[in-house]
Amino acid sequence: MQETALFEYVLRLSDDSLILAQRLGEWCGHGPILEEDIALTNISLDLIGQAISLYDFAAELEGKGRNHDQLAYLRYENEYKNVLLVEQPNGDFAMTLLRQFFFDAFRLPLYEALMQSPVAQLAAIAAKSVKETRYHLKHSSEWVIRMGDGTEESHERAQAAIDHLWRYTSELFYEDTHDHTLQAAGQVPTMAAIQTKWNATVTSILQEATLEIPKNNWKFDGGREGRHSEHMGYLLSDLQYMQRAYPNMEW
Amino acid sequence: MVTAAEIRQYLQEVSDPEIPVLTIIDLGVVQQIYLQDQTWIVELTPTYSGCPAMQQIEVDLLAKLKEKGIPNAQVKHILSPAWTTDWISEEGRQKLRLYGIAPPVNEPDKTALFSEPPRVACPKCNSQNTRMVSLFGSTACKAHYQCNACQEPFDYFKCLK
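These protein sequences, in sequence, are chains B and C.
Take any residue in the first sequence, count from 1 to its spot, add 1055: that is its number in my numbering.
Take any residue in the second sequence, count from 1 to its spot, add 124: that is its number in my numbering.
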C-alpha cells in the first residue's frame, strides 16, 4: 500500500513538471524578447530533466517494466495526475509568468521539505532540483513585481492573470489517502505546511508588485484525480504525437 | 590489470561536448570509479537535471575506455550528492577563462530579489565593470553578461550550490 502511495505521489510530481515544461516549450521562438525566449525554454529544460528523474523513480516503484518515455508519452488523459494550473494555456506573457510564479512558490518549499525525506531517491531528486527551482522562483518573482509595479498596461495584464489563475491555486495543496499514508510514515510533508510558506511568498510578492489577491474564492480541482480541463487533450496530442506516430522511437 | 586511477587519467581525454576545452574531470562530474563483478563502473552526476550533454558524455566516455582496452565499462548516473560548481577544478576554471567564459564566483543569497548580480570579471579584458544581460544564457548552466569596458558579450558559468 505504501508503495502504491509513493508511486502516485512521485507520478504527480513528474506530471506537474512535464506538463508545465510542455507549456513553456511552446514559447520557443515566440518569446517577447530573446532573453525571455531563452529563459523560458531553459526553465522548461530543467523541468523536463526533473521529470525524467521522477519518472525513472516512479517506474522503479511500479515494477512493471515501464520506462520514463512510456510514462511520459503513452498514457491516456485520465492517467495524468498534474494539477490543472500547469495545463492552462500560456495566454500572454503575464499569464505565463503568473502561472510560473504560483507554481515555483509551491515547488520550492516542497522540494526543501522533501530533501529531508527518508526515501533516499526522493530526497536526492529534491536536493538536485531545489537549486534549479531557486533560480526559477527568483526569475518569476522579479517579473511579477516588474509587471505589477510597471506600466498601466502591464499592471492590468498581471492582475487579469491573477484573477483568472487564482481558482486553480488551491489544488496545489490537494491531499488524499495516498498523501496521508506517506505523511503518517514520515516520508512527505503535510500540504498545510507547504501552503503556509506559499501564502507568505505570494502575499509578500503581490504586495510588492501592487497587485491584489482576488476576494473570489471559487476553486477548481480534479487534476490530481485525472479529471482535466478541456485544454489537456490538445496539449497531449502535441506532446504524444511522435511516440504515437512512431511507437518506441528514440532520438 | 588497469586501476581506477588509470581510468581517471584516461577520462582526462574526454571533453565536455558543450565546452570542449573542459574535460569531464575538470568539470567534476566523474565520481567514484570501481570494479563490480569484473565490470568497471564509472559514476556520473549531472550538472543540471535536464543537461542534454550528459548522454553524449556517456557515449564519449565509453568509446574512450573501449579505445583504451576496457570494452565492458558501465556508466552509473547518480544524483546524490548533487553536483555543485565548487567541483570545477582550478585548472578547469583557468581553461574556462581562456576560452572566453567567466568561471563561477561565490554569489550572495540567490533568493534575494533584484539583488545585485555577482561581480564577474570580463574574460577578455579582466574589467570588473560588467553587467548581467540575462540570468539564463546559451545553456542551462550559464548566464549572459556584457563587459561595459570592452563591450564583449560573454557567458558566465552560473554558481550552483
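Backbone N, C-alpha and C fix where the C-beta goes; we use that ideal spot for every residue, glycine too.
{"Item": "Chain-ordered residues of the stretch 1168–1200 of chain B with a beta carbon less than 9 Å from chain C", "Value": "ALA1175, GLN1176, ALA1178, ALA1179, ILE1180, ALA1182, LYS1183, SER1184, VAL1185, LYS1186, GLU1187, ARG1189, TYR1190, LEU1192, LYS1193, HIS1194, SER1196, GLU1197, ILE1200"}
{"Item": "Spatial neighbours of B:ASN1145 in its chain, beta-carbon cut-off 7 Å, leaving aside the 5 residues before and after", "Value": "ARG1078, GLU1081, TRP1082, THR1151"}
{"Item": "Any chain B beta carbon closer than 8 Å to C:TYR269", "Value": "no"}
{"Item": "Burial state of B:ARG1067, where buried means 16 or more other Cβ atoms lie within 10 Å", "Value": "buried"}
{"Item": "Identity of the residues DSSP links to B:ASP1101 by a beta bridge", "Value": "Note: B:ASP1101 sits in no beta bridge, so no partner."}
{"Item": "Interface partners of C:LYS285 on chain B, CB under 9 Å", "Value": "LYS1186"}
{"Item": "Alpha carbon of B:THR1245 to alpha carbon of B:MET1170, nearest angstrom", "Value": "14 Å"}
{"Item": "3-residue-minimum beta strand (DSSP E) runs that sit fully inside the stretch 169–232 of chain C, ordered along the chain", "Value": "198–201"}
{"Item": "Inter-residue Cα distance where the pair is C:LYS285 and C:TRP211", "Value": "10 Å"}
{"Item": "DSSP-derived helix/strand/coil call for C:PHE260", "Value": "coil"}
{"Item": "CB contact flag (B:ASP1218, B:ALA1264, <8 Å)", "Value": "no"}
{"Item": "Alpha helix (DSSP H) runs contained entirely in the stretch 1162–1202 of chain B, provided each spans 4 or more residues", "Value": "none"}
{"Item": "Identified DSSP bridge partners for B:THR1256", "Value": "None, per the DSSP bridge assignment."}
{"Item": "The stretch 208–225 of chain C in contact with the stretch 1130–1146 of chain B per 3-pair CB rule at 8 Å", "Value": "no"}
{"Item": "Interface partners of C:LEU203 on chain B, CB under 7 Å", "Value": "SER1108, ALA1179, ILE1180, LYS1183"}
{"Item": "Endpoints, the beta strand (DSSP E) within which B:TYR1289 is located", "Value": "Here B:TYR1289 belongs to no beta strand (DSSP E); instead the alpha helix (DSSP H) covers 1286–1300."}
{"Item": "For C:HIS268, three-class secondary structure by DSSP", "Value": "strand"}
{"Item": "C:SER139 - partner residues in DSSP beta bridges", "Value": "C:THR147"}
{"Item": "Contact list for B:GLN1242 against chain C, beta-carbon separation under 9 Å", "Value": "Neighbours of B:GLN1242 on chain C: none; closest Cβ ~17 Å, over 9 Å."}
{"Item": "Contact set for C:LEU168: own chain, Cβ-Cβ below 6 Å, skip 5 residues either direction", "Value": "VAL153, VAL199, HIS201"}
{"Item": "Whole-number beta carbon distance between C:ILE149 and C:ASP140, since they are thought to touch under 8 Å", "Value": "Not a contact, Cβ separation roughly 10 Å."}
{"Item": "Distance CB(B:LEU1073)-CB(B:ILE1103) smaller than 8 Å", "Value": "yes"}
{"Item": "Cβ contact (3+ pairs, closer than 8 Å) linking the stretch 1218–1232 of chain B and the stretch 1267–1278 of chain B", "Value": "yes"}
{"Item": "B:ASP1124 - containing alpha helix (DSSP H), residue span", "Value": "1123–1128"}
{"Item": "Supposed close pair C:TYR134, C:LYS188 - CB separation, criterion 8 Å", "Value": "6 Å"}
{"Item": "Chain-ordered residues of the stretch 1087–1107 of chain B with a beta carbon less than 7 Å from chain C", "Value": "GLU1090, ILE1093, ALA1094, ASN1097, LEU1100, ASP1101, ILE1103, GLY1104, GLN1105"}
{"Item": "Residue span of the beta strand (DSSP E) that contains C:PHE281, given as start and end", "Value": "277–281"}
{"Item": "Three-state secondary structure assigned by DSSP to B:TYR1229", "Value": "coil"}
{"Item": "Proximity of B:TYR1064 and B:HIS1283 at Cβ, strictly below 8 Å", "Value": "no"}
{"Item": "Cβ-heavy atom distance, B:TRP1253 to the ligand FAD, below 7 Å", "Value": "The ligand FAD is not among the ligands present in this structure, which contains no ligands whatsoever."}
{"Item": "B:LYS1119 classed as buried or exposed, judged by whether at least 16 other C-beta atoms fall within 10 angstroms", "Value": "exposed"}
{"Item": "At least three beta-carbon pairs within less than 8 Å, the stretch 260–268 of chain C to the stretch 163–180 of chain C", "Value": "yes"}
{"Item": "Top-ranked residue by Cα proximity to B:THR1059, from B:LEU1237, B:GLN1250, B:TYR1110", "Value": "B:LEU1237"}
{"Item": "Bounding residues of the alpha helix (DSSP H) (the contiguous stretch that carries C:ILE157)", "Value": "First-last for C:ILE157: 154–160, but that is the beta strand (DSSP E), not the alpha helix (DSSP H)."}
{"Item": "C:PRO247 and C:CYS283 closer than 8 Å at C-beta", "Value": "no"}
{"Item": "Of the residues C:GLU214, C:LEU220, C:GLN136, the one placed nearest C:GLU142, counting alpha carbons only", "Value": "C:LEU220"}
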